[in-house]
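Here's the structure, in structure tokens; my notes come after.
Chains as they are written, first to last, in the numbering used here: chain A, 1 to 495; chain B, 496 to 990.
Following this line, the structure appears as structure tokens:
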């Protein structure tokens, strides 16, 4: 009974902790697109194929959904930094208090001026891996946990977790082993290599680590992709599991034509602005295809999760976009910055080793902070986490083991003045989604709206005064209030 | 006889290729200082302690020399890019043809205008890991070979191997797994974190990947050090051998006071300019000390080589430096840019596992391209190398197994107009050192000089017309000519 065989010995002493474990633990790629709306794809997240699904061409997203699962009710926050901080920390925006985009510069809240309110005391310096920096949310970050667990962690592209002058602006301090281009800035100065991506102008948004492409006819999305794939060679050769946080600058403005695809969309009859936008979408989709091809070629596709997500809804304000304001995410209402679905509902597709019954669509509402515990579970990563994690693992959903939980509520909170006008659902808003219902609160005038999303995805039919829904209304009002209070969510201060 | 024991099996199949090799292979750190002269230290490389050795304080260099070996006759090239390209490629400057500093911008030779000569057709776009880019030298790089051999390769600080718009400007394309701050630029816009290291101004020299320190009271040398040590955590935790190319911007101009040390040198009576310079030296030496302390703390000091070197001689031109031109490297003649010893003789100290009889001084002439085969031998790295390697491994010298080879010749070649005036040994020069003799050729007027360095380290006594040395003179003339011809060395073209 106590005899140790050669095989036992090898498995117990030598191979498992070295070779075995390293090979078996899955790799994870977060493929994050910036400002991509729920309809900016040929994959139909809505129950019907929309006009947008026919304009835009994203064959690799369609392929990814076929090989994985698509989430029709996935959420982020209305603007970028809060979503990125939630991914890194697992915290809801109302808890981490980074409720608006962070300035590249420290101690410069980005709130627009308002006649009625002073800005809330939010964490305008962003996320921080260390304590005692004013106006930051402190967290044990996802890449740090993964790195401590032996994962080769890579950040490529847009970071924008925190302001310069804080460690949160530095991917190397946030737990990444490798960084390409991640800084405190949220958009590029230019997408064109021909313009040196704007790095050599006075615009501080110029991207870093991309000098190789200066003066060349290359679109930023392509350069970012080539750099990302380059970083994977070493961990794959060394059989180290990797986590790649591949964050495209596209589709963020400045909207610029990706010359590989632009003319096609002009020929399709799109306006100049929308043809630019469509070309940026297809450039991003090509990047996804290139990543998938690379993984196949390297023989690691089957052991790699790809999580495709956007950080908020699609931009819906002309003149950046063509057409009429608030129509760019139809059937969803409004767009980036808004508390309505167009601002917060995002494309989410996950493919990977634990995904069962591929090609499924999941209607369970999920939110960006869920990716934190999801990725920890995917990678069997444990460790001491100093913050309270709001997210819930999606792994049961990937395994098709969970049905819709009507009791879970998702919270959205932007107590800031994001932009000069209140648009359609911009500025000083909170919302809660539970089951099919969504309650929206306008902090400015304390008004409330209630929508039944299953019947009214466009949030046109406000049920707040319909006595039939009195119970759910009261429940959502008090739950939203309780959660915001418990999370010490930032609130604007009346002058 | 054919029985395989458990131990044989483990050694042969499992442990050696995974655990054993990874732990045993030594780490290598190249600690490169920019524009540091042979006398810019309290370690006396000259046979006597000089005034400089008493002004400047570099206790950690002294410690490193005590624990390793110091090379009194180590050489680089007169300016930075050629030296850095030689380190990366093993090629002599006359062979790689990158004979002057490369512009941050592609296709912009940096040669000053001259009345008599047009610039040589040199490789002004720098070193390249791929073929078919005009005016580049193609090489299989040192980090690429190490990376392919399983080394975790890291570049931190100044790169300056090639111009932007080429892969040589990108450490990730040059074979590095990690890059912090390496670009096509050769100096910072500012050394002060308080000034954001100049990154947010119109000066394109602003360093990348250092936003964390923006607005803070930190000197660039310190920021670079902190970032470098951060990058080592992961390979050490994973028991992967590493190669760290830690290249300080200091002591390159702009000369700026390192506030941690500046006042001390003012109090010592140094001029403002020289006190700044001394403070930058001590800041660099503190960095070396921090690296050594870190390695100790991590338990890898005994398995790590530290190679301390400068890329050329110390700057000797007021007003950047205080005092009188061409005196800053005494007893050596002239300084940076010059073919005289002050421009090319550099501090070199090596400590590490194969170093025998520590505390020794080695008088064998060695040159920066020797580091390429030295590091390959240290790390037992083999691989296909497309270029001809001129360097010779110093490992026998480290083992104290080699005596001075009177037959080896070292070649120096700067056929460019580096700066507006010909200074003391600047512009259009070649030289050869063999044994104790050095022949200097001025390409402009074809004049020759011959020095006996052992007797005349200051190159004051030109022996060219002394018939006693006719034989060595003729030998050096023809050897220099042969080598430059064989290497297809670039040459200026008379107008």
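The beta-carbon is built from N, C-alpha and C at its ideal position, and this holds for glycine as well. This one's a predicted model, so the numbers in the text were calculated from it and none came from an experiment.
Within 8 Å, strictly: CB atoms of residue 809/B and residue 531/B
Residue 809/B sits at position 314 when you count from the first residue of the second chain. Residue 531/B sits at position 36 when you count from the first residue of the second chain. A contact, by the Cβ cut-off of 8 Å.
Proximal chain B residues relative to residue 331/A, where beta-carbon distance stays under 8 Å
Position 331 of the first chain holds residue 331/A. Going along chain B, no residue has its Cβ under 8 Å from residue 331/A, so there is no contact; the nearest lies around 40 Å.
Which word fits residue 718/B, buried or exposed, when buried means at least 16 other C-beta atoms lie within 10 angstroms of its C-beta?
For the purposes of this step, residue 718/B is taken as the residue at position 223 of the second chain. Answer is buried; the Cβ neighbour count reaches 16.
Between 976/B, 797/B, 671/B, which lies nearest to residue 234/A when the distance is taken from Cα to Cα?
Position 234 of the first chain, counting from 1, holds the residue named residue 234/A. Per the Cα distances, 671/B.
Go through its chain and collect everything with a Cβ distance to residue 865/B's Cβ below 6 Å, but skip five positions before and after it.
As a first step, residue 865/B must be located in the second chain, where it is residue number 370. Closer than 6 Å at Cβ, skipping near neighbours: 886, 887, 889.
Could you check if residue 662/B is buried or exposed, using at least 16 other CB atoms within 10 Å of its CB as the buried criterion?
Residue numbering aside, residue 662/B sits at position 167 when the second chain is read from its first letter. That one is buried.
Residues of its chain near residue 606/B, where Cβ-Cβ distance is below 7 Å and the 5 sequence neighbours each way are ignored
Numbered from its first residue, the second chain carries residue 606/B at position 111. 595, 614, 911, 912.
Any Cβ of chain A within less than 8 Å of the Cβ of residue 768/B?
For the purposes of this step, residue 768/B is identified with residue 273 of the second chain, where counting begins at 1. Not an interface residue.
For a minimum of 3 consecutive residues, which ranges assigned as the beta strand (DSSP E) are wholly contained in the region 264-335 of chain A?
304-310
At the level of alpha carbons, what is the spacing between residue 381/A and residue 304/A?
As a first step, residue 381/A must be located in the first chain, where it is residue number 381. As a first step, residue 304/A must be located in the first chain, where it is residue number 304. Near 15 Å, if we compare the C-alpha coordinates of residue 304/A and residue 381/A.
Proximal residues to residue 633/B (C-beta, below 6 Å), its chain only, five neighbours per side dropped
Looking up residue 633/B in the second chain gives position 138. If you ignore the 5 residues before and after residue 633/B, its C-beta comes within less than 6 Å of the C-beta of 623, 626, all in its own chain and listed in chain order.
List the residues that DSSP assigns as beta-bridge partners of residue 742/B.
Locating residue 742/B in the second chain gives position 247, where the first residue counts as 1. Answer by DSSP bridge pairing, in chain order: 527/B, 652/B.
With 16 other CB atoms within 10 Å as the buried threshold, where does residue 976/B fall?
The residue labelled residue 976/B in the question sits at position 481 within the second chain. The residue in question, residue 976/B, is exposed, as its Cβ has fewer than 16 Cβ neighbours within 10 Å.
Hey, is residue 167/A's beta-carbon within less than 8 Å of any beta-carbon in chain B?
As a working mapping, residue 167/A is identified with position 167 in the first chain. With 8 Å as the cut-off, residue 167/A counts as an interface residue toward chain B.
Would a check of beta-carbon distances place residue 695/B closer than 8 Å to chain A?
Counting from one through the second chain, the residue named residue 695/B turns up at place 200. For residue 695/B, the answer is yes, since a Cβ of chain A falls inside 8 Å of its Cβ.
Does any residue of chain B bring its CB to less than 8 Å from the CB of residue 212/A?
Numbered from its first residue, the first chain carries residue 212/A at position 212. With respect to chain B, the C-beta atom of residue 212/A has a partner C-beta closer than 8 Å.
According to DSSP, simplified to helix, strand and coil, what is residue 451/A?
On the first chain, residue 451/A is found 451 positions in, with the first residue counted as 1. Strand, per DSSP.
Does the region 330-341 of chain A touch the region 283-295 of chain A, meaning 3 or more C-beta pairs lie closer than 8 Å?
no
Can you tell me the Cα-Cα spacing of residue 653/B and residue 156/A, whole angstroms?
Translated into positions along the second chain, residue 653/B becomes position 158. Translated into positions along the first chain, residue 156/A becomes position 156. If you draw a straight line from the Cα of residue 653/B to the Cα of residue 156/A, it comes to about 21 Å.
Residue 631/B bridges to which residues according to DSSP?
Within the second chain, the letter at position 136 stands for residue 631/B. DSSP output for residue 631/B lists 621/B as bridge partner(s).
Please state whether the Cβ-Cβ distance between residue 636/B and residue 621/B is less than 8 Å.
Residue numbering aside, residue 636/B sits at position 141 when the second chain is read from its first letter. Residue numbering aside, residue 621/B sits at position 126 when the second chain is read from its first letter. Between residue 636/B and residue 621/B, the C-beta spacing is not below 8 Å.
In the DSSP assignment, find the beta strand (DSSP E) that holds residue 598/B and state where it starts and stops.
Translated into positions along the second chain, residue 598/B becomes position 103. Boundaries for residue 598/B: no beta strand (DSSP E) harbours it, and the DSSP string shows neither H nor E there.
Does the Cβ-Cβ distance between residue 882/B and residue 586/B come in under 8 Å?
By 1-based counting over the second chain, the position of residue 882/B is 387. By 1-based counting over the second chain, the position of residue 586/B is 91. Yes, the pair counts as a contact, with Cβ atoms nearer than the cut-off.
Close-in-space but distant-in-sequence residues of the same chain around residue 520/B (CB under 7 Å, 5 per side omitted)
Here residue 520/B is taken as the residue at index 25 of the second chain, counted from 1. Cβ neighbours of residue 520/B beyond the five flanking positions: 736, 874, 875.
Give the single residue among 763/B, 917/B, 714/B whose Cα lies nearest to the Cα of residue 820/B.
Your numbering for residue 820/B matches position 325 in the second chain. Taking only the C-alpha atoms, the option nearest residue 820/B is 917/B.
Please state whether DSSP places residue 980/B in a helix, a strand or coil.
By one-based count along the second chain, residue 980/B stands at place 485. If DSSP states are grouped into helix, strand and coil, residue 980/B belongs with the helices.
Cutting at 6 Å between CB atoms, please list the residues of its own chain near residue 225/A, excluding the five before and the five after it.
To locate residue 225/A, count along the first chain from 1; it is residue 225. 287, 290, listed in sequence order.
Leaving aside the five residues before and after residue 294/A along the sequence, list all residues of the same chain whose C-beta is less than 6 Å from its C-beta, in chain order.
For the purposes of this step, residue 294/A is identified with residue 294 of the first chain, where counting begins at 1. So the qualifying residues of the chain are 229.
Check residue 571/B in the structure and name its three-state DSSP category.
Within the second chain, the letter at position 76 stands for residue 571/B. Reduced to three states, the DSSP call for residue 571/B is coil.
Does the beta carbon of residue 50/A come closer than 8 Å to any beta carbon on chain B?
As a position in the first chain, residue 50/A is number 50, starting the count at 1. Closer than 8 Å: no.
Closest residue to residue 688/B among 655/B, 754/B, 826/B, 937/B (Cα-Cα distance)
Against the second chain, residue 688/B aligns to sequence position 193. Minimum Cα distance to residue 688/B is reached at 754/B.
Any Cβ of chain A within less than 8 Å of the Cβ of residue 729/B?
Counting from 1 along the second chain, the entry for residue 729/B is found at position 234. Closer than 8 Å to some Cβ of chain A, the Cβ of residue 729/B qualifies, so yes.
Would you decide whether residue 732/B is buried or exposed? Buried here means 16 or more other CB atoms lie within 10 Å of its CB.
Residue 732/B sits at position 237 when you count from the first residue of the second chain. That one is exposed.
Measure from the C-beta of residue 703/B to each C-beta in chain A and report whether the shortest distance is under 8 Å.
In the second chain, the residue the question calls residue 703/B occupies position 208. For residue 703/B, the answer is yes, since a Cβ of chain A falls inside 8 Å of its Cβ.
So the candidates are 549/B, 707/B, 551/B; which of them puts its Cα closest to the Cα of residue 722/B?
In the second chain, the residue the question calls residue 722/B occupies position 227. Nearest option by C-alpha distance: 707/B.
Interface residues of the region 220-232 of chain A facing chain B [CB-CB below 8 Å]
227, 230, 231
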